[in-house]
Amino acid sequence: MLGLVLTAGGARGAYQAGVLKRVGEIRSLRGQPSPFAVIAGASAGAINGAMVAATASNLADGTHMLSKLWADLTVEQVFRTDPLALGALGARFIRDLSLGGLIGGGTVQSLLDTTPLRAFMAAHLPMAGISEAIRAGHLYALAVSATSYHSGKSFTFIQGRKGHPLWIKSRRVALPVEMTIEHICASAAIPIVFPPVQVGSELGECWFGDGGMRLVTPFSPAIRLGADRIFAVGIRCQSSADALSRAELRTDEESHGGLASITRPPLAQICGVFLNAIFLDHLDTDLDHLKRMNDLIAHANGGNGRRRKRGPGMQEPMRRIEPMVINPSADLAIVAAAFAHKMPRAVRYVLDGLGTPDAQSADLMSYLLFDSSYTRALIDIGYQDAAARIDEIEAFLSH
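Read in order, the letters of the sequence shown correspond to residues 0 to 398 in numbering that gives the first Met the number 0.
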């Protein structure tokens, strides 16, 4: 089975929409159902994955709808930006810090009020289409991951065909559900910035946050659901990450000679690195792990890479997984810095209070800038990146 893995964060999810839009325009797929039998998403990837799953009867139409949603998005459709809302949150935050020990704290759950986001997704995500796609045979399963704020475990909510796999591991749990907007909102609730989301399940009413926090193996849900070929869309520009590492090492060498040093990072930069650890690192690490496992399986089977027979004590047969990953050709943090002035003034005032990071480390803005100017730029980058590899993508999806 062919799987689609989407793990993104915040506004950067627009890049995925651009990639998927170009994939939907592949000539052999026009007017055809989605080729992705298994779709696994977390964070903004859960939103994108839900749209692809719900419109699985026609991939081109679904990916076009998705890119249009991102292209027309405004900050006000995601979180409240009016001074009254921001001021109320700030006042409660100051109250908790200064008087919480005396009169009780814990009134603030997030830095932003994302009430508009649920209404926006309820109006634009055709959730009923997921069941229809499963009944029509266009979709085997949709898996959406979120993090429990009670146990800290990664929960994967699955809506799929009867008898689809489920699992319970030490830090990962899979539950069968009828997917709702709450599941999607929970997966996309960026920690600290967005409030927790309450989701009902067979375990009761629990509070969840962003799926990227504890989903350290983003390929895993798709693999466990039976995918043996996986198309994944990342949001890290590898060349930019390598350039930052080289600059850091070079500065460290110079500092030993008393020539240079890296300036102390402001809180905004620290928050950006924190979000990068959640949204960027896991896919790259899991891809490296997957490639090593493929090498081990090929070696164990004499180089043929076929499914290995179940051995004593082996709960799941090992098999070779063929991945293809698309990553941005541009640094999305630098792109965000160019559009920072598009952020509503009141929100920009609050973010400026956290300090000004250097351009290549301005990641916090890149996750929160839900403005059409920025999202359209990301859609275009994703579209062009996919177009540059479209023959390779078409061959991968069709074989």
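Don't be surprised by glycine CBs; every beta carbon is placed ideally from N, CA and C. Treat the numbers as computed from the prediction; the structure is a model and nothing was measured.
- ARG318 is the residue among PRO125, ARG318, TYR14 whose C-alpha sits nearest the C-alpha of ALA297.
- When C-alpha distances from GLU393 are compared across SER328, ARG21, PHE207, the shortest belongs to ARG21.
- Contiguous alpha helix (DSSP H) elements confined to the segment 114-170 occur at 114-123, 127-135, taking only those with 4 or more residues.
- Three or more Cβ pairs drawn from the segment 113-120 and the segment 77-90 lie within less than 8 angstroms of each other, which places the two stretches in contact.
- Looking from the CA of GLY271, the closest CA among THR73, LEU363, SER144, PRO327 belongs to LEU363.
- Put simply, of LEU224, ALA135, ALA118 the residue whose alpha carbon is nearest the alpha carbon of LEU165 is LEU224.
- Shown here, MET64 sits in a helix according to DSSP, grouped into three states.
- Annotation: ILE222 is outside any beta strand (DSSP E); the continuous alpha helix (DSSP H) that includes it extends over 219-223.
- Runs of the alpha helix (DSSP H) spanning 4 or more residues and lying entirely within the segment 67-112 occur at 82-102, in chain order.
- Under the DSSP definition of a beta bridge, ILE38 partners with LEU3, LEU141.
- CA-to-CA, the gap between VAL346 and GLY211 works out to about 24 angstroms.
- TYR348 counts as exposed, since fewer than 16 other beta carbons sit within 10 angstroms of its beta carbon.
- Pairwise C-beta distances place the segment 155-169 out of contact with the segment 78-97, as fewer than three of them are shorter than 8 angstroms.
- Here GLY100 is not near LEU367, since their CB atoms are 8 angstroms or more apart.
- Under the criterion of beta carbons closer than 8 angstroms, ASP330 and CYS236 qualify as touching, at roughly 5 angstroms.
- Between THR106 and ARG117, the CB-CB gap reaches or exceeds 8 angstroms.
- Here the alpha carbon of THR179 sits roughly 11 angstroms from the alpha carbon of SER130.
- For the pair ASN293 and ILE320, the CB atoms are nearer than the 8 angstroms cut-off.
- A straight line joining the alpha-carbon of PHE273 with that of VAL51 spans about 29 angstroms.
- In this structure, ALA221 lies away from ALA59, with their beta-carbon atoms at least 8 angstroms apart.
- Here GLU177 is exposed. Its C-beta has fewer than 16 other C-beta atoms within 10 Å.
- Residue pairing by DSSP puts GLU204 in a beta bridge opposite GLY199.
- By the C-beta density criterion, GLN15 is buried, having at least 16 other C-beta atoms within 10 angstroms.
- A straight line joining the alpha-carbon of ARG344 with that of ASP390 spans about 44 angstroms.
- A Cβ-Cβ contact shorter than 8 angstroms links SER42 with THR6.
- Ranked by how close their Cα comes to the Cα of PHE369, the residues ALA387, ASP384, SER397, HIS340 have HIS340 in first place.
- Under the 10 Å beta carbon count, SER27 is surrounded by fewer than 16 other beta carbons and is classified as exposed.
- With contacts defined as CB atoms closer than 8 angstroms, LEU174 and PHE154 qualify as a contacting pair.
- As DSSP reads the structure, GLU321 sits in a beta bridge with ARG228.
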